[in-house]
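Working notes, beginning with the structure itself.
Protein chains in written order, with full-length UniProt numbering: chain A, 1 to 337; chain B, 1 to 347.
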């Protein structure tokens with residue numbers, strides 16, 4: 001079995017803050033994985049570590065990262081620049097910031113193709129045009145000569161995807177690619193990503209804070225909290241049969257999960273822990289509705305909750321049962337008295 | 001609803017809308033290009049009329065450029081309107097009976113960016129008591145009120161009162177902004193994407209707080225958001241805007257489950273599904289929301305509409321009733337409009 005990305009015991013530290021604290025993650029070839037969590041959970045930091053995008057002066061990375069069969073953490077600078085964009089590429093939340101404002105989008109894509117593959121300018125432009133057609137940019141010929149600011153948000157994100165895929169990478173990393181977009185545009189980009197992923201056989205890691213977006217594109221979902229993965233499983237397992245109280249909290253606090261209009265939402269009390277000063281035991285314990293003595297003392301490991309389904313919780317069975325019970329109650333018609 | 005609350009400031013009784021807006025217009029001129037004779041304009045808000053009833057939460061939804069935030073800013077007087085009338089409890093805002101100053105005391109706004117809307121050099125207790133002090137309340141009483149409000153929004157005054165905005169999390173800062181909005185005992189609060197920047201678990205906490213405060217203080221909310229789930233949860237009625245105009249307005253449950261305007265339908269279809277077995281298969285709308293500089297003639301939505309016909313490019317649809325308390329600006333829903341889906345009604 002040869003995984004597209006395999007991360008072992010990844011730790012990323014910025015000064016006193018350990019943003020990622022022991023993440024193990026496997027992405028199979030051709031699979032789409034969503035990494036979800038709230039701000040500060042370490043999901044983007046994990047993603048960026050795969051391309052070694054963190055400043056080497058200000059961060060310390062420990063553990064092992066294998067991507068497309070290569071060991072990322074031991075690569076030389078030169079290997080790394082061929083690797084980025086050639087083997088593994090990334091799309092970002094804000095394409096306007098990711099593109100260079102003084103070159104046309106076409107120039108930036110052809111430059112990338114020529115840099116990686118050494119083809120002629122003419123050939124590179126043909127390839128860029130093909131990519132533009134593939135991501136369905138209308139009048140692609142004309143748009144290649146547009147500057148980033150001349151495009152709308154959705155168009156820019158399509159151009160960004162074209163740039164990322166121009167050199168036929170094996171792995172695509174996407175960091176909140178639809179968060180800055182309007183709803184009607186977001187769904188178009190999600191569908192496009194899903195389609196390209198299937199067509200090109202890409203392996204994708206998709207970072208998002210939106211469970212809905214994750215379900216739309218991903219086969220598997222990994223939920224992060226305070227720098228660790230707390231639950232991982234197929235999209236179905238996570239949404240329909242969650243075993244970690246944090247995942248359950250996320251599902252319940254969604255406004256569409258409210259039983260009745262104007263009824264109060266179930267919330268997760270408190271806020272995430274200070275990463276510079278991590279409490280002992282389970283990092284979620286202070287906010288957990290099931291926490292007991294042991295949770296505050298001992299840290300739970302990721303343990304099997306079902307086939308290819310892992311949860312890091314001492315009381316994951318109770319958590320899952322409580323979720324099932326509430327769902328059954330919600331499904332039953334309420335009797336009027 | 002807080003119909004039972006008797007407010008001494010109430011003038012017209014419970015049946016009179018708290019806010020009544022007629023034909024609100026705001027165009028932002030853009031610089032003339034070389035050789036252009038006529039200056040063009042961004043038609044941000046182009047003839048918007050609606051009412052907000054006492055004690056209700058009216059949601060305003062739409063995509064970027066639809067004019068929802070400009071509408072809010074016009075209501076608050078943060079941007080000057082070109083034309084249109086705003087009545088607050090029956091009095092014309094800015095008129096003799098209700099000058100801007102006394103209107104603003106009864107209306108407050110909470111913005112999306114919780115950090116930018118607080119003064120970084122003031123403690124949060126001082127930020128909250130600032131409004132009352134400027135409005136003639138003594139320092140001690142204002143500070144007391146500030147501490148009371150902090151406690152009410154779930155921030156312990158002793159622990160948090162002396163902190164500066166950068167020492168708080170996003171959710172805590174938004175609670176401060178809400179407390180500050182309440183400091184002058186307003187009747188109307190405009191919430192412009194007030195929970196959009198928050199994480200989901202924190203968003204739920206703030207939404208619950210907003211529900212409680214509304215009940216307790218007899219407030220009316222204007223809730224601007226792009227998140228239809230949140231709007232469905234918190235709003236009594238919803239207004240959908242598209243390119244500076246109202247596409248549809250009606251009860252939240254109806255508009256968001258059986259919409260009458262094809263645009264609302266498309267917005268609803270764009271919501272990601274939470275069911276892995278029923279993922280979205282196609283996007284109902286292609287392309288981005290158009291630019292409000294040169295809105296298309298006729299119905300503004302017709303170039304992207306699934307059921308558009310020739311008549312839609314010519315006739316601007318009026319915002320007409322389609323059901324009790326529910327109006328939509330779509331020719332297909334209006335009798336004798338010339339659209340093939342419209343019902344011919346005998347005169």
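We put the CB at the ideal spot given by N, CA and C, even for glycine.
These figures come from a predicted structure and were not determined experimentally.
- request: Starting from residue 75 (chain A), follow the beta strand (DSSP E) in both directions and report where the run begins and ends.
  value: No beta strand (DSSP E) contains residue 75 (chain A), which DSSP labels as neither H nor E.
message: Is residue 207 (chain A) close to chain B? Criterion is C-beta to C-beta, closer than 8 Å.
response: With 8 Å as the cut-off, residue 207 (chain A) does not count as an interface residue toward chain B.
query: Residues in its own chain within less than 6 Å of residue 259 (chain A) by CB, not counting five upstream and five downstream?
result: Legend: pLDDT at residue 259 (chain A) = 49, less than 50; position of this residue unreliable, value from coordinates given subsequently. In its chain, beyond the 5 residues on either side, 330 have a beta carbon closer than 6 Å to the beta carbon of residue 259 (chain A).
Chain A contacts made by the region 56–81 of chain B, where a contact means CB separation under 8 Å: For the region 56–81 of chain B, the set of positions with a beta-carbon nearer than 8 Å to some beta-carbon of chain A reads 63, 64 in chain order.
- prompt: Can you give the beta carbon distance from residue 418 (chain A) to residue 217 (chain A), rounded, assuming they're within the 8 Å contact cut?
  reply: What is shown of chain A runs 1 to 337, which leaves residue 418 (chain A) out entirely.
query: If you count every other CB in all the chains shown that lies within 10 Å of the CB of residue 93 (chain B), and 16 or more means buried, which is it?
result: When all chains shown are included, residue 93 (chain B) counts as buried.
message: Given this structure, state the Cα-to-Cα distance separating residue 124 (chain B) from residue 199 (chain A), to the nearest angstrom.
response: When rounded, the distance between both Cα atoms is 53 Å.
message: Which residues in chain A have a C-beta closer than 9 Å to the C-beta of residue 174 (chain B)? List them in chain order.
response: Simply none; closest approach about 12 Å.
Within the region 226–274 of chain A, ranges of the beta strand (DSSP E) (whole runs, at least 3 residues): List check, beta strand (DSSP E) in window: 228–234.
task: Report buried or exposed for residue 57 (chain B), applying the criterion of at least 16 other Cβ atoms within 10 angstroms of its Cβ.
output: It counts as buried.
task: Quickly, what does DSSP pair residue 92 (chain B) with across the bridge? List them, please.
output: B:87, per the DSSP bridge assignment.
message: Going by DSSP in three states, residue 319 (chain A) sits in which element: helix, strand or coil?
response: Correct three-state label for residue 319 (chain A): helix.
query: Buried or exposed: where does residue 270 (chain A) fall if 16 or more other Cβ atoms within 10 Å of its Cβ makes it buried?
result: By the neighbour-count rule (16 or more Cβ atoms within 10 Å), residue 270 (chain A) is not buried but exposed.
- prompt: Thinking just about the alpha-carbon of each residue, which of B:176, B:170, B:139, B:275 is nearest to the one in residue 157 (chain B)?
  reply: With distances taken between Cα atoms, residue 157 (chain B) lies closest to B:176.
field: Three-way DSSP call (helix, strand, coil) for residue 222 (chain A) in this model
entry: In the structure shown, residue 222 (chain A) falls within a strand segment according to DSSP collapsed to helix, strand and coil.
message: Taking a contact to mean a Cβ-Cβ separation below 8 Å, would you say residue 200 (chain B) touches residue 327 (chain A) in this structure?
response: Using a Cβ distance threshold of 8 Å, residue 200 (chain B) and residue 327 (chain A) do not count as a contacting pair.
message: Please list the terminal residues of the continuous alpha helix (DSSP H) segment that includes residue 370 (chain B).
response: No statement about residue 370 (chain B) is possible, as the shown extent of chain B runs from 1 to 347 and does not include it.
message: Please list, in chain order, the chain A residues whose beta carbon lies closer than 8 Å to that of residue 276 (chain B).
response: Per Cβ cutoff of 8 Å: 215, 234, 235, 236, 239, 240.
Backbone secondary structure at residue 281 (chain B) - three-state DSSP: Coil, per DSSP.
task: Report buried or exposed for residue 34 (chain B), applying the criterion of at least 16 other Cβ atoms within 10 angstroms of its Cβ.
output: Note on residue 34 (chain B): under 16 other CB atoms within 10 angstroms of its CB, so exposed under the neighbour-count rule.
query: residue 74 (chain B): which of B:252, B:334, B:87 sits nearest, CA to CA?
result: The shortest C-alpha to C-alpha distance from residue 74 (chain B) to any of B:252, B:334, B:87 is the one to B:87.
message: Within 8 Å of any Cβ in chain B, is that where the Cβ of residue 259 (chain A) sits?
response: In this prediction, residue 259 (chain A) scores a pLDDT of 49, lower than 50, which makes its location untrustworthy; no coordinate-derived value is stated.
- prompt: At a Cβ cut of 8 Å, what residues of the region 157–185 of chain A count as close to chain B, listed as they run along the chain?
  reply: So the close ones are 182, 183, 184, 185.
message: List, in chain order, every chain B residue whose beta-carbon is nearer than 8 Å to that of residue 137 (chain A).
response: Annotation: residue 137 (chain A) has no Cβ neighbours in chain B at a cutoff of 8 Å; minimum Cβ distance is about 10 Å.
message: So residue 155 (chain A) contacts chain B; which residues on that side make the cut at Cβ distance below 9 Å?
response: Here the neighbours are 287, 288.
query: Under 8 Å between the Cβ atoms of residue 12 (chain A) and residue 54 (chain A)?
result: With contacts defined by Cβ atoms closer than 8 Å, residue 12 (chain A) and residue 54 (chain A) form a contacting pair.
message: Looking at residue 127 (chain B): is its Cβ nearer than 8 Å to the Cβ of residue 143 (chain B)?
response: No, Cβ-Cβ distance for residue 127 (chain B) and residue 143 (chain B) is not below 8 Å.
query: Among A:150, A:158, A:2, A:151, which residue has its Cα nearest to the Cα of residue 128 (chain A)?
result: Comparing alpha carbon positions, the residue from A:150, A:158, A:2, A:151 closest to residue 128 (chain A) is A:158.
- request: Assign residue 166 (chain B) to buried or exposed, taking buried as 16 or more other Cβ atoms, counted over all protein chains shown, within 10 Å of its Cβ.
  value: Per the 10 Å Cβ criterion, exposed.
message: For the beta strand (DSSP E) containing residue 54 (chain B), name the first residue and the last one.
response: It is not in any beta strand (DSSP E) - residue 54 (chain B) carries neither H nor E in the DSSP assignment.
Within-8 Å CB hit, residue 326 (chain A) to chain B: Not an interface residue.
query: Is it right to say residue 294 (chain B) is buried, meaning 16 or more other beta carbons lie within 10 angstroms of its own, or is it exposed?
result: Exposed, by the Cβ-count rule.
query: According to the neighbour-count rule (16 or more other Cβ atoms, all chains shown, within 10 Å of its Cβ), is residue 7 (chain A) buried or exposed?
result: Looking at its Cβ environment, which holds 16 or more other Cβ atoms inside 10 Å, residue 7 (chain A) is buried.
- prompt: DSSP state of residue 186 (chain A), grouped into three classes?
  reply: Three-state result, residue 186 (chain A): helix.
task: State yes or no: is the C-beta of residue 24 (chain B) within less than 8 Å of the C-beta of residue 48 (chain B)?
output: In contact: residue 24 (chain B) and residue 48 (chain B) (Cβ atoms closer than 8 Å).
- request: Leaving aside the five residues before and after residue 146 (chain A) along the sequence, list all residues of the same chain whose C-beta is less than 7 Å from its C-beta, in chain order.
  value: Taken in chain order, the residues that qualify are 104, 105.
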